[in-house]
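Chemist:
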Amino acid sequence: MNKLNGSSSNGISTSSTLQKKRNNNNRFAISSIDNINPTPAATALTITPPQFQISDEQRVEIKEAFDLFDIDKDGALDPHELKIAMRALGFNEKKAEILEIIHKFDENNEGVISFEDFNKVMSEKILNRSPLDEIRKAFQLFDDDNTGKISLNNLKRIAMELGENLDEEELQAMINEFDLDEDGEINEEEFIRIMTDDP
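The sequence shown finishes on residue 199 if you use UniProt numbering, and the numbering steps up by one all the way, no holes.
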């Protein structure tokens, strides 16, 4: 199981570790990602078999996201607050989907969603999330500059946040190992191959 856990300055729990190791063929591998404080918001990554109920940790993360992004502290999320709360939990929904969620649960036509309903929505989304979605979410944590690729600078940031003492040469060797198109960066497809051990 690959897991991304830790805590961000925003108060949302996340987790995993970037570790350099050499396998039997003297090749570098990324084994995990720990204590990442992703910006703008934290996310949880757990690649596991299908679940029938969310974990206690996921319940806490849902509550933390709600509380953090209930900006006006009125006990409900408006469309903007809902969008950023969902994004913090790894779901980048379009505006139309956000409005549809609010419409479904907003019985009083106030244009907001309560914590109880937010919890239902997020629990269902988390339970239905595929491992591939989890990997894509992890990729977004690495790709904090939204270039669609993991660069040497992205890896340096992560290594620094993790307190890993890896020099530039070691980080570049990690990129080179998995950079199939030899452009000096790791794209999403290459990252998925790394995380799924697909040659």
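Where is the CB? At the ideal position from N, CA and C, for every residue including glycine. None of these values were measured; they are calculated from a predicted model.
1) Alpha helix (DSSP H) containing residue 67: first to last residue?
2) Round the Cβ separation of residue 119 and residue 149 to the nearest angstrom and send it over; I've been treating them as touching at under 8 Å.
3) Is the distance from the Cβ of residue 154 to the Cβ of residue 144 below 8 Å?
4) Could you work out which residue in 77, 95, 151 is closest to residue 176 when comparing CA atoms only?
5) In chain order, which continuous runs of the alpha helix (DSSP H) of length 4 or greater are located wholly inside the region 109-180?
6) Would residue 122 and residue 89 qualify as a contact pair, given that the criterion is a beta-carbon distance under 8 Å?
7) Can you tell me whether DSSP reads residue 89 as helix, strand or coil?
8) Leaving out the 5 sequence neighbours to the left and right, which residues in its chain are closer than 6 Å to residue 233 when beta-carbon positions are compared?
9) Determine the direct distance from the alpha carbon of residue 103 to that of residue 95, and round the result to whole angstroms.
10) Alpha helix (DSSP H) containing residue 100: first to last residue?
Modeler: Let's see:
1) 56-69
2) So it is not a contact: roughly 35 Å between Cβ atoms.
3) yes
4) 151
5) 115-127, 131-142, 152-162, 168-178
6) yes
7) coil
8) This structure does not reach residue 233, given that the chain is present from 1 up to 199, and the question cannot be answered.
9) 12 Å
10) 95-105
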